Amino acid sequence: MADWQRLQARLPLLDQHQLQRMEQELGAEVLTRLLRLFVEDSRQQGEALQGAFAERDHALMARCCHSLKSACGSYGALRCQYLSEKLEQSCHEQDEEQVESRMRAWQQALAETLQQLETRQHAE
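Residues 2 to 125 in our numbering are what the sequence shown lists, from first letter to last.
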């Protein structure tokens, strides 16, 4: 197993401390609205990334990953942020094998992250 795979597996999907800080600073209602927007935007960005992946458009994939990396970092989606960074790097290098494996890992992390956020929203 590659180093990036071991590291990403140890990263939490969500940084609960960051979410708690955001809730204290912004309030629960504002955070809930922002997280809903993040989920919607992440789905849209994920679809764009998937389309670029299907077309093997590495330049577009890199741009999508760059945007996702920033958004994920803002909301404490640590594993997705890390994998977006690694996937972006592979796209710039046009390393097809790495793009393939990192894309699969990123898709799984995004699905799990969004599920965790939706579960959190329904619990409130």
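From the three backbone atoms N, C-alpha and C, an ideal C-beta is built for every residue, glycine too.
All values derive from a computational prediction rather than experimental measurement.
- Going by DSSP, residue 122 is part of the alpha helix (DSSP H) stretching over 97 to 124.
- Residue state for residue 16 is assigned as coil, using DSSP reduced to three classes.
- Minimum Cα-Cα distance from residue 104 among the listed residues 51, 21, 25 corresponds to 51.
- In this structure, residue 81 lies away from residue 63, with their beta-carbon atoms at least 7 Å apart.
- Here the alpha carbons of residue 28 and residue 89 stand approximately 33 Å from one another.
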